[in-house]
Every structure is written in structure tokens, then in C-alpha cells.
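In my numbering, the protein residues as written are 993 to 1683.
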Amino acid sequence: MPVRPWLLAATLLVIPYSLRSQTTILTNNLMPEPSSLTAGDGAFPLTSSLTVGLSGTRSPRLDAAVLRTLKRLEDKTGQPLPRSLGTAATGALTLSVAADPPVQTIDEDESYTLTVTASAITIKAPTTTGALHALETLLQLVQPAQPSGSAYILPAVTITDSPRFRWRGLMIDCGRHFEPLDVLKRNLDAMAAVKLNVFHWHLTEDQGFRIESRLYPKLTALGSDGLFYTQDDARELVRYARDRGIRVIPEFEMPGHSAAWLVAYPELASGTVPTGIRREFGISDFAIDPTREETYTFLRKFLTEMSTLFPDQYIHIGGDEAPAPDWKRNPKILDFMRKHDLKDNDALQAYFNTRVLKILTSLHRRMVGWDEIFNPALPKDVVVQSWRGEASLAKGAQQGYQGVLSAPYYLDAMKPAGVHYLADPVPAGTTLTPEQQKLILGGEITMWAEQLDARSIDSRIWPRSAAIAERFWSPQSITNTDDLYRRLDPVSLELDTLGLHHISAEAAGLRDLAGPSHASLTDQAALGNFAEAFEPVSFHDRYEEQHTSQLTPLTSFVDAVRPDPPIRHRLELAARTFLADPHGSSAQVIAARQQLTAFFQSVGNAVPEVRQQMLASPRLQAIQPRIDQLPALTLAGIEATLYLSSNAPASTGWKARNLALLEAAKKPGAIVRFTFLEPLTDLINATPEAK
Ligand code: ACM
993 MPVRPWLLAA TLLVIPYSLR SQTTILTNNL MPEPSSLTAG DGAFPLTSSL TVGLSGTRSP
1053 RLDAAVLRTL KRLEDKTGQP LPRSLGTAAT GALTLSVAAD PPVQTIDEDE SYTLTVTASA
1113 ITIKAPTTTG ALHALETLLQ LVQPAQPSGS AYILPAVTIT DSPRFRWRGL MIDCGRHFEP
1173 LDVLKRNLDA MAAVKLNVFH WHLTEDQGFR IESRLYPKLT ALGSDGLFYT QDDARELVRY
1233 ARDRGIRVIP EFEMPGHSAA WLVAYPELAS GTVPTGIRRE FGISDFAIDP TREETYTFLR
1293 KFLTEMSTLF PDQYIHIGGD EAPAPDWKRN PKILDFMRKH DLKDNDALQA YFNTRVLKIL
1353 TSLHRRMVGW DEIFNPALPK DVVVQSWRGE ASLAKGAQQG YQGVLSAPYY LDAMKPAGVH
1413 YLADPVPAGT TLTPEQQKLI LGGEITMWAE QLDARSIDSR IWPRSAAIAE RFWSPQSITN
1473 TDDLYRRLDP VSLELDTLGL HHISAEAAGL RDLAGPSHAS LTDQAALGNF AEAFEPVSFH
1533 DRYEEQHTSQ LTPLTSFVDA VRPDPPIRHR LELAARTFLA DPHGSSAQVI AARQQLTAFF
1593 QSVGNAVPEV RQQMLASPRL QAIQPRIDQL PALTLAGIEA TLYLSSNAPA STGWKARNLA
1653 LLEAAKKPGA IVRFTFLEPL TDLINATPEA K
């Protein structure tokens, strides 16, 4: 058969998401993937003569965003860039924006087009928000000229983009642990970088009331340990978010999760009154009394005050987990329920929600709440945030309610990015009708804060949330997790450059654990290599082992290591590649084998050094049970790789012995789990054994 070079070329071109053009190769590191991308010929060279022009609707926040983009471009390319913004006629980079609505709503048109040719970069957007998204895409396109070159370029491309879902949120719980404003701001920067558009600010919890009320100052005076956001802080954060195309939805939890309200104003309680800020986590018995008119007077004044700080159309009232045992035993409440024909706690909570909704409506606000607010008595414009799962979300939609999915996006489950990524707010096989599907507004990531603080929060959120952001934004058909992880690395580095601590906090935490007598670079490298073998266990597993409370110091080994570290998927990929052809000699197979062996060796070799460091660090000694397991596990990895590559069988009983080690390694210990058990299991199972 004759060689058909065009077919060969076509095969080479099918490298996923890498598009070849005549003079440049677009390395597609975009996240989220745009809805439409066409690679062009050539590239726009990024030089210090770049000029910028704006037309249409100008706004201070657009100007500021363009200047921030120029600064980031300057940093990426090492080229000084002019900081003057001219008119469309004079710019090589031009932005044309049609409108800048004063308050971003759920109906905002976030679309944009971005065209790059050898001579021009053109952004067109119906709103400033769309233009902000375009600028983030532009920054992700910057790459070195290829195949070789001394400059940076933007590859020629035409992108037409708009989000799949209108509501793409991240909730941060600032109640259990307070997060300083700077931490929230850098998380907003990261959200903007991956086009998330709702910051859900969980401001009140049993463990803390975090927003200043001038009408009810005891809320923070008695309910916050002095850790709260002033009204100026809140305004500043709302402004910061708006500048980045992000809505801020505040959450004030009621009637449950309300111990901090009741510490300050016990007269709101249903009977049981907290004696102080609640330090333990979990569902509490405290609840606001829905039967007293004073409750609604208080809430009306409080919510009116809050509505002056938060311009968003929506206010979140929590509503979850309110067992409220007092409602079943307080004679006054029982009497009220009888008089109003309220048959149980759910009915009483529905009554409460209806009253709160009236207040919100009078403030021109809409209500969001967790699953538990769902009740046919409520009007259809409330939004139900589903933490109980897809079925619960679907049930709401079938009855005409709008919903936002959160259940599969609980970051404290410590699942890999690839698992969260495949959970879809409207999965391909949905039984919802097209009309019902439209009621699913999108999804929201939740970052509950029982087991994190300002040092560890970034690594719990990022980069996994970038993967989920893609699920919310990009076409449903984009589901290749290997390609997700390929793009997650550059996104993660970009977020690190933006100021997030999700990568750097690990080394800082480990240095702190090892202590000053082991501060040398060699010691740090050993502990760093060792730490690659671990990630935190889930919220639930940690709670089982530790009974974490608000007073638990979060400075253990588990707090330093990060969930789903890059090595986890790399090892999985290497094991897959290697096991497809274990004694093969292709470059990929050899590289995969070497990667596996190198990992097991570097972790195994670190063990004696880390044992030394443990002698000087009592806090590090908690990992004793795990460190004792590592030598045999890493040896199993090295041996399996050797047996497989040489096609020499292991001795009889080798497999059973090592599978038993794996079983032991899966049991709880030191509140961390191993990052490599899946690929190691595959390697051991594949190893041939003498009969
Ligand atoms: C929740 O996780 N209780 C909303």
C-alpha cells in the first residue's frame, strides 16, 4: 500500500487540543475551554510597542482591568508595555464594549469574541463582564513562540465564547474559621481567572457571626471572637468582586446554625440559649424562634441594613439543618403551631421562610436557600441550592423551582479534581424536560471551613475549583480528564503567580513542622519528597479520627499537604501507559517506567531523613503510623515495575503479601492518605507470579 503522507499528517494533527497552523502551534492551555475556538495562521508578537484602544462604553472597572492585564502581560513576557489607553483607531489591542449595567444580574450577557491575527487583537463584548472574561482568556493564550524563538506571542485564533450556565459559584464559609479580607480578595482573583461569577459569602454560623451590624452590634461583639468584617470591608469586597465580574451573595443562616446570633440576642432563641460561641461542629439544637413577632422585627431591620451593603438581587438565608428540638417542646411554640395549623417542624420552617421572604421582597431582593427551604408554599422565583444531591435538585425543577447544584462540589470531601469535573448540573442522560433544564441555573462549589484556616484554604480550593469552573462554563461534551489535568498544571501555576498560596503553603507548612534545626534545603527537599506520598483525608474521615473543633490547631502534617496533588494523576497516567506495554521500548513506556520508579525511590529514600527530622519535631511525630508503612509500599512499587518490565515472575506469595500491605495502607492513620495506592494496586495486580 502506498504511503499516504496526508493521512500520516492528519494522524499527527489529532493530538487533542493542540492545533497546528502554518507558522505557529497553539498550545491550548485554556480553562475553561471556550465554546468555540478556531486556530488561525501565524501569531501576534508581544512586544513593547503594544498599543491599546477602547471603544463603546468605557468604565473605570474596564480601564482598571485592562491595566491589570497589561501588567500581567508585562510580567509574563518580560517586556515593558505602555500603560496608556487610546481609542479604537490607535490600538493593536482593541476592546469594544456595548454596555455596563450598574448591578450584575443573573441575566447578564457574559459572552465575548476574541480574535487574534498577526497584526491585531480584537475583543468585542456586549457587557463589561464579557470583556473581563475575554481578557482572562487572552492571558491564558500567551505562549513562547514555537517551535523555537526568543519572544512571547499570542497564537492567531478566533474565539466565540459564552457560558453554559449563568450561575457559577464558589461559597466560602467564613463562620467556622474567619478568613482575612486579603485571603478573600486573592480567591476572587482566582475566581475571575477561571470565569466563576458568584461569590457566596457564608457570613454567619454557630461558630461565628462575621459581619458588622450597626443596629445590632452585639452580634459581632459577642458572637465573633473579634474576628469579623466591618461594613467598610464588605463594601470593599463587593467592589473588588464587581471589578472582576463577580456577584456577591451574602448568606445569613436562619433559623438553624444560628448559635452566634443567639449568644448575642438570647431573646430570639426558641428555648435553649447558648452559653457562649459554640466550638464544636455539627448540627446544633439552637434555633431562632419563628413564632414571635419580635423575631421578624429584628430580621427586617437587620436585612434592611444588610441590603445597603450587598446590592445583589439575591440574599441567601441558609435554612439547612434546623432540627430545632425546642419547637417540639416549647409550649408557646406548640400553641402557635396549633393555632396556625402547622403540623410539624417543616411546616413551621416554611411559615418562617414565608415571613422572611416577605421582608426580602419588600427590599427588592430574591431568596436563595439550601434544599430545606424547598416547599410548595414558596413562590417560584426562590432559588434552591442543592446540597443533598441531583435527585433533590431535579425534584425542585420538576415543580417549577430554580436550582443550583452543590452536592458534587463539596471540596472538603477531598476528592480529585477529575471526579468533581465529571459531575454535571444537567447530566447528558437527564430526565428533565428542556423547560425544566432551564431552571437549573448552574452550580456552586462549597468550601466549608471546619478544618481549614487562612494558611490552608487556598490549597483546598485551588486548583480543583478551576476544573469545576470548566464544568460550569464549557460545553457539556468536554469531559477528557487527562486533558483536564494537562491544562490544570499551567492554570495552577498562573494562580500561584496571581498570589494564591495553594502551592507555596505546602512547603511553608512543612518547614514550620520540621522546625529550625531542619531548615536546610536538603532537609526540606527530603520532607517535600516524602510529603508527595500524602494528601488529606475527607472532612468526614478527619472528623472521625480527630473530632476537630473550632479550637483544634490546624498546623499538623495533614494541614500542610494538599488534596489531589499533581503527582497523583501523573502516577496514574504513568501506570496506565506502562501497563499497556510493560516490556515495551517506546519512549513513552520507558519514561512512564522511569517516572514510577523514580517516585517510589524518592519517597522511600526520604524515609530515614524524615525519621531524623521527627526526633526534633513532636508535631511531626503524629505521622509515625504512616511512615512505618512506606518502606514496604515503595519497595513493592519498585519490585512490581522491575518484574513487569523484565517479564520475570515474582516468587509465589509475593502478590498476596503486597495486596495485604495495600489493605492495611487504606485504613485510617495520621489523618492523611497515600496518593499512590491506585496505581500501586494496578501494578501489583498485573505482576506475574511463579506458579
Ligand atoms: C450543608 O452542607 N448543610 C448546606
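Think of the CB as a built atom: it goes at the ideal place given N, C-alpha and C, for glycine as much as any other residue.
For clarity, every value in this text was computed on a predicted model and none was experimentally measured.
Listed by position in the chain, the residues whose beta carbon lies within less than 6 angstroms of some heavy atom of the ligand ACM are Asp1312, Glu1313, Trp1362, Trp1379. For Ala1523, the closest alpha carbon among the candidates Val1550, Gly1507, His1332 is that of Val1550. Rounded to the nearest whole angstrom, the C-alpha separation of Thr1296 and Leu1355 is 7 angstroms.
In this chain, Gln1542 is not harboured by any beta strand (DSSP E), its DSSP state being neither H nor E. In the DSSP assignment, Leu1476 falls within the alpha helix (DSSP H) that extends over 1473-1490.
Remark: C-beta atoms of Thr1119 and Asp1099 do not approach each other more closely than 8 angstroms. Put simply, the region 1223-1233 does not touch the region 1258-1265. Fewer than three CB pairs are less than 8 angstroms apart. One thing to note: Pro1408 has its Cβ within 8 angstroms of the Cβ of Arg1560.
Under the DSSP definition of a beta bridge, His1194 partners with Asp1165, Glu1243.
In this structure, DSSP gives Gln1580 a helical state, which the three-state scheme calls helix. If the five residues before and after Glu1272 are omitted, its C-beta is found closer than 7 angstroms to the C-beta atoms of Ser1541, all from its own chain and listed in chain order. A contact is defined here as three or more CB-CB pairs under 8 angstroms, and the region 1586-1603 meets this definition with respect to the region 1512-1530.
The C-beta distance from Val1240 to Trp1193 rounds to 6 angstroms, short enough to fall under 8 angstroms. Here the region 1564-1578 does not lie against the region 1482-1489, with fewer than 3 beta-carbon pairs under 8 angstroms apart.
Here Arg1234 carries a helix assignment [DSSP, helix/strand/coil]. In the displayed model, Ala1441 falls within coil according to three-state DSSP, outside both helix and strand. A distance of 8 angstroms or more separates the beta carbons of Val1376 and Gly1392.
Around the beta carbon of Gln1580, fewer than 16 other beta carbons lie within 10 angstroms, which makes this residue exposed. The C-beta of Asp1165 has 16 or more other C-beta atoms within 10 Å across all chains shown, which makes the residue buried. Contact between His1510 and Pro1455 does not hold, since the beta-carbon distance rounds to 29 angstroms and is not under 8 angstroms. The alpha-carbon of Ser1262 is positioned some 22 angstroms away from that of Leu1207. If you look at Trp1362, you'll find it in the beta strand (DSSP E) that goes 1358-1362. In the DSSP annotation of this structure, His1332 is not part of any beta strand (DSSP E), being labelled neither H nor E. If you look at Ala1399, you'll find it isn't in any alpha helix (DSSP H); DSSP assigns it neither H nor E. Here the alpha carbon of Ala1184 sits roughly 11 angstroms from the alpha carbon of Gly1161. Assignment of alpha helix (DSSP H) within the region 1269-1342, counting only whole runs of 4 or more residues, yields 1285-1299, 1323-1331 in chain order. Within the model, the alpha-carbon separation for Lys1372 versus Gln1138 is close to 54 angstroms. The shortest C-alpha to C-alpha distance from Ala1279 to any of Leu1424, Glu1245, Arg1330 is the one to Glu1245. Within the region 1529-1564, the complete alpha helix (DSSP H) segments of 4 residues or longer fall at 1531-1538, 1549-1552, listed in chain order. Distance from the CA atom of Ala1314 to the CA atom of Phe1366, rounded to whole angstroms, is 14 angstroms. At the C-beta level, Phe1191 and Phe1220 stay beyond 8 angstroms of one another.
Relative to the Cα of Val1175, the nearest Cα in the group Gly1395, Tyr1232, Lys1210 belongs to Tyr1232. Counting only unbroken stretches of 4 or more residues, the alpha helix (DSSP H) elements lying wholly within the region 1578-1654 are 1579-1607, 1616-1638, in sequence order. Under a 10 Å Cβ-count criterion, Thr1679 is classified as buried, with 16 or more other Cβ atoms of the shown protein chains found around its own Cβ. Judged by their CB atoms, Gln1428 and Gln1390 are nearer to each other than the 8 angstroms cut-off. DSSP places Val1149 in the strand class (E or B) of the three-state scheme.
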